[in-house]
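Numbered according to mature numbering (1 follows the signal peptide of the UniProt record, and there is no 0), the sequence shown spans residues -27 to -1, 1 to 414.
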Amino acid sequence: MQPIIGRRQAMGLAAGMLAGAALPARAIPMADVPPPRIAPEAGARLRVLRPAKYIDPDEAVFNQNTRRFTEQTGIEVRIDYVNWPDMPVQVAVAFNTGKGADVLIGFGADAHIYADKLLEVSDLAEYLGAKYGGWYDLAKVYGQRWQSSAWLGLPMGGTTGPAVYRRSWVKEAGFDGIPNDLGEFLRLCQQLKRIGHPCGFPLSHAPGDAPGYANWLLWSHGGKLVDEAGKIALDTPATLRALEYARAMQETMIPGTMGWSGVSNNRAFIGGEIGLTQNGVSVYYSLKTSTDPAQNAIAADTEHAEMPHGAAGKAPETALTLVGMVPRYTAVPNAAKAYLRFMMEAEQYDPWLTGCLGYWSQPLKAYGESAVWASDPKLAVYRSAMDTPFYEGYAGPITPAAGAVAENWVLVDMFARVATGESRPADSLREAVRAARRWYR
C-alpha cells in the first residue's frame, strides 16, 4: 500500500478503524520545553518507509497524522507500507544503495546495524525525553549508540507478546491466573491439556511468536546469548535447565506447533483449539471488535498476563520496536527530522496510541497516562512493554551478529531440537554455540 498524502487530499476512514477515538481525552503530562530549531528545506517532499499494519487503526491514524503534517507545513509525504517479513530487505537495499525513503521506520536493531549510514537525532531525542517524562530502558537500548548518549534513531513504539489465556479454562484447570513460578506454570499447562484445552507455543520459524517463546524460555531460567562484552554466554547450566523445561512444556501442547506460521496461534486461540498462548493485543482486538457475538463472548473470557518471571527480575519479554531513522543520503534531512518530531508530539502520538488499542506501547513515559491504558483493564499488561531490560541479543551490544543469530533461528532451533526429541539438551546447546560463533567472532 502506497498512499500519497497531499495538502488537498481527503482521507476517508472506514467505520470501526478509529475505535479508540471515542475514548475520553486524558491530559498527557508534559514539560514546557522549547523544541529544537529545525527549518525544513524549501520545496521538500518526503518519502516514508514503514511496516504495514496488523490492525487497521495503525495505518489509518498514521495517515491522518501525516495529512495534518502536510497541512501545517506544505510538505507532501508519500508512505510506503511494507509487509513485516520484507522490511529487512527493503531497509538493507535503501542503505546499501544510498537511495530510498527519507524517513525509514525500521525495527529495533536497524539503527545499530546501519549506524554509520545514519544522521544522529540526539537533538530530537533529548527534547522529546525532556518534554515527555524520559525514555524507557528498551527505547534507550535501541535508540542510542551502545554505552553512549548519542541517538541513532527515535523509538516510536513497541509490541510485545504476554500470555493470552481463557479465564474460564484456566479456572477449570485449578488456577486463578497465570502463576509466576515456572513449576506451577508447567503444572497449569499439564492441567489444561488434561481438560482438553491445551496451550500452544511455537518453536517453528513463525516470525515474532517463535523467537518470543524461545527468548522467554532462556531468560526465565537466567540464561543469555552473550555477555556485556559480546562474548557468547550460552553454555551454562541455566541454558540446560531451559532446554529441559522446553521438552516438558512441549508434552503439554496441542499437536502441530512445530509447523505453525505467524498466524497459527491466533487462529487456534480464536477457534477455541487452545486455552493459552503468547501474543500481542491483535487476538483480543479481533475478538472484541468482531460483529459475531460468539467471538465477543470469547473476548469477554480472554485475559492477558505477564509470562512467568522465573529467575528474571522483570517479565522476561522484549518488545518488537519501531525506530524512526534519517539516512545520510537524504537531500531533505531537516524535513525528515521535522516529520519525526511532529509524529511524536502528543497531538498526533496519543491518538495513534489510543487508536491502536494497546497494539503499540509508548517509548516515552508520559504516554503511560494515555486514556487507552485506563479504557480496558485487559490492556494493562501491554502498557509497560518497553519498560524492560531484555532485547534481542541480550545482554551484549546490538550488532549485526545479534541480528544474524535471530534471523537464522539459532535459539529457536536449539529449543526445537530438544522439544521434538531430535537432540539431547547438551548436544543441541553445543550446536547452537557453534552456530552463534559463525557471527560472533
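All C-beta atoms, glycine included, are put in the ideal place defined by N, C-alpha and C.
- Secondary-structure assignment with DSSP links E276 through a beta bridge to Y138.
- For the set A146, E290, C162, the Cα lying nearest the Cα of G196 is the one of E290.
- With the rule of 3 Cβ pairs closer than 8 Å, the region 118 to 135 does not count as touching the region 344 to 351.
- Nearest in C-alpha terms to T230, of all of R18, F174, K261, A408, is F174.
- Nearest to A409 by C-alpha distance, out of A206, V114, T275, L213, is A206.
- Distance from P281 to P152 at the Cβ level is roughly 6 Å; contact confirmed, criterion being Cβ atoms closer than 8 Å.
- Sequence-distant Cβ neighbours of Y413 in its own chain, meaning closer than 7 Å and more than five residues away, are V199, G203, I205, A374.
- Straight-line spacing of the CA atoms in Y115 and E342 works out to 23 Å.
- If you look at I78, you'll find it isn't in any alpha helix (DSSP H); it sits in the beta strand (DSSP E) that goes 76 to 80.
- Taken in chain order, the complete alpha helix (DSSP H) segments of 4 residues or longer contained in the region 239 to 293 are 255 to 261, 266 to 273.
- Across the structure, A211 and V236 are spaced so that their CA atoms are roughly 31 Å apart.
- For Y186, the CB contacts under 7 Å within the same chain, skipping 5 residues up- and downstream, are F174, P175, L176, Q251 in chain order.
- DSSP places R10 in no alpha helix (DSSP H); its state is neither H nor E.
- Residue state for T132 is assigned as strand, using DSSP reduced to three classes.
- Counting along the chain, E224 sits inside no alpha helix (DSSP H), nor does DSSP assign it H or E at all.
- Here I205 is bridged, per DSSP, to V199.
- Counting only the Cα atoms, Y218 lies some 56 Å from E44.
- With a cutoff of 8 Å on beta-carbon distance, G73 and V143 are scored as not near each other.
- When only Cα atoms are considered, E201 and N38 end up about 39 Å apart.
- Bounds of the beta strand (DSSP E) holding L19 are 18 to 24.
- Annotation for V66: the continuous alpha helix (DSSP H) segment containing it runs 60 to 70.
- Taking a contact to require three or more Cβ pairs closer than 8 Å, the region 98 to 110 and the region 81 to 88 do not qualify as touching.
- Using a C-beta cut-off of 8 Å, the region 359 to 370 makes no contact with the region 7 to 26, since fewer than three inter-stretch Cβ pairs fall below that distance.
- Here D83 carries a helix assignment [DSSP, helix/strand/coil].
- The alpha carbon of L111 has as its nearest neighbour, out of W192, P336, R51, the alpha carbon of P336.
- Contact annotation: V62 and V299 have beta-carbon atoms that are not nearer than 8 Å.
- Taking the Cα of I52 as reference, the smallest distance to any Cα among A65, V66, V34, A12 is reached at V34.
- Looking at the DSSP output, L127 bridges to G297.
- In the structure shown, the three-state DSSP call for C162 is helix.
- Straight across, the Cα-Cα distance linking R301 with L92 is about 5 Å.
- DSSP links Y54 through a beta bridge to R23.
- The C-alpha of G147 lies about 16 Å from the C-alpha of T225.
- Per DSSP, A311 is one residue of the alpha helix (DSSP H) stretching across 306 to 317.
- Where Y105 is concerned, there is no enclosing alpha helix (DSSP H), because DSSP gives it neither an H nor an E.
- A residue is called buried once 16 or more other Cβ atoms fall within 10 Å of its Cβ, and Q117 is buried on that count.
- An exposed status is given to T70, since fewer than 16 other beta-carbon atoms sit within 10 Å of its beta-carbon.
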